[in-house]
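What follows is a short report on a single structure.
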Amino acid sequence: MSPKFTARHARRTAAAVVTAALLVPLAACGNDDDGDSKKDDGGKKDVSLTVLAASSLTDVFATAEKVYEKEHPGTKITVSPAGSQELAAQVKQGSPADVLVTADTKTMDGLKGETGAPTVIAKNRLVIATREGNPGKVKALKDLADPKLKVVLADDTVPVGRYSKQVLDAQKVTVKPVSKEANVRSVLSKVELGEADAGIVYKTDAATATDKVDAVEIPDDQNAVASYPAATLKESKNGEAAAAFVKWLSTPEAQKILRDAGFQKP
0 MSPKFTARHA RRTAAAVVTA ALLVPLAACG NDDDGDSKKD DGGKKDVSLT
50 VLAASSLTDV FATAEKVYEK EHPGTKITVS PAGSQELAAQ VKQGSPADVL
100 VTADTKTMDG LKGETGAPTV IAKNRLVIAT REGNPGKVKA LKDLADPKLK
150 VVLADDTVPV GRYSKQVLDA QKVTVKPVSK EANVRSVLSK VELGEADAGI
200 VYKTDAATAT DKVDAVEIPD DQNAVASYPA ATLKESKNGE AAAAFVKWLS
250 TPEAQKILRD AGFQKP
């Protein structure tokens, strides 16, 4: 082997060793996060949970998420409210989410292949929401049949719409609504804005607008009970954290938040 070749080979070998030495610390400084999660000082990963929740849970879950985040540092809760049928469609379409809470068991049961075992966390009942001061003098379900009244209901595909139809049919009351809405909050909004004289909503929704609507109670023997099941989504990338949140919804603290908002015990 010539001296010239030996010197060239030695220089290349030395260069390779230097390059490898430089790459080791660079690799050690690379991104050690998994997806969008970040590690806190304790070595635990921060988690962001998306909770698909029935529209009637909008206000109470806004409170619940703040309490949960305070008690569970590193966990961020994002509540995405909509009608239960809309939420079911989102789940079937593969929208990224971690937890689902619907306003009826029927919708949840239709997603058995997509969720974990559901747990009922609360119940609710219906009331008749009227414009402030109740100018239409609505006192009972039968009064909603008055053709002079502008009545708005939720669509039959929405849990509150099905419950409304159930109680009206049971009392043999025929109502011709001026519109059928996609969720309970839309029904409430129509009454609040004076676009309707009355509408059937959950008791808890009417309680969020006491300065704009009056609530006419429906007797228990004429009413319907809405159950709210919560479940993890099987496609969640944060299964353990999602299960912890669902479990927390049944704790005394979470149940008090729900009770304070007018929801009934499960």
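Every letter in the sequence shown is one number past the one before it in numbering that gives the first Met the number 0, and letter 73, counting from 1, is 72.
All C-beta atoms, glycine included, are put in the ideal place defined by N, C-alpha and C.
Straight-line Cα distance separating residue j from residue i
i: Lys264; j: Ser249; result: 10 angstroms
i: Asp97; j: Lys236; result: 7 angstroms
i: Asp145; j: Val174; result: 8 angstroms
i: Val66; j: Arg258; result: 15 angstroms
i: Glu234; j: Lys44; result: 19 angstroms
i: Leu51; j: Val150; result: 29 angstroms
i: Lys147; j: Gly160; result: 22 angstroms
i: Pro72; j: Glu64; result: 12 angstroms
i: Gln254; j: Pro134; result: 36 angstroms
i: Lys141; j: Asp168; result: 11 angstroms
i: Val90; j: Lys171; result: 36 angstroms
i: Pro218; j: Ala139; result: 9 angstroms
i: Val186; j: Ile199; result: 7 angstroms
i: Leu110; j: Gln92; result: 12 angstroms
i: Val231; j: Ala243; result: First, the amino acid is wrong: residue 231 is Thr here, not Val. Cα-Cα distance, rounded: 9 angstroms.
i: Thr57; j: Thr49; result: 14 angstroms
i: Val266; j: Arg130; result: This structure cannot settle anything about residue 266, because the visible part of the chain is limited to 0 through 265.
Proximal residues to residue i (C-beta, below 6 angstroms), its chain only, five neighbours per side dropped
i: Gly41; result: Here Gly41 scores only 46 on pLDDT, less than 50, and its place in the model should not be relied on; the value that follows carries that caveat. Same-chain partners within the cutoff: there are none.
i: Ala229; result: Val100, Thr118, Ile120, Val245 and Leu248
i: Ser47; result: Lys75
Neighbour flag for residue i against chain B, beta carbons, 9 angstroms
i: Lys122; result: You won't find chain B in this structure, because it holds only one protein chain.
Sub-9 angstroms separation of residue i and residue j beta-carbons
i: Tyr201; j: Ala225; result: yes
i: Ala153; j: Ala206; result: no
i: Lys179; j: Asp155; result: yes
i: Ser55; j: Val183; result: yes
i: Leu143; j: Ala197; result: yes
i: Thr77; j: Ile256; result: no
Outcome for residue i when other beta-carbon atoms lying within 10 angstroms are tallied against a minimum of 16
i: Gln165; result: exposed
i: Glu70; result: exposed
i: Ala128; result: buried
i: Asp103; result: buried
i: Ala53; result: buried
i: Thr114; result: buried
i: Pro80; result: buried
i: Pro251; result: exposed
i: Glu266; result: Because the chain is modelled from 0 through 265, residue 266 falls outside the range shown and cannot be assessed.
i: Leu192; result: exposed
i: Ala116; result: exposed
Proximal residues to residue i (C-beta, below 7 angstroms), its chain only, five neighbours per side dropped
i: Ser106; result: One point to set straight first is that residue 106 is Thr, not Ser, in the sequence displayed. So the list reads Ser83, Gln84, Ala87 and Pro158, once near-sequence residues are dropped.
i: Tyr162; result: Leu125, Ala223 and Ala225
i: Ala195; result: Lys149, Val150, Val151, Val177 and Lys189
Cutoff 8 angstroms; reference residue i; Cβ partners in own chain excluding five residues on either side
i: Asn222; result: Arg124, Leu125 and Val166
i: Val132; result: The identity of residue 132 in the sequence shown is Gly, whereas the question assumes Val. Excluding sequence neighbours, Gly132 sits near Asp213.
i: Phe262; result: Val59, Ala121, Lys122, Asn123, Thr203 and Tyr227
Residue i Cβ short of 8 angstroms to the ligand FMN heavy atom set
i: Gly160; result: The model on display carries no ligand, and the ligand FMN is accordingly not part of it.
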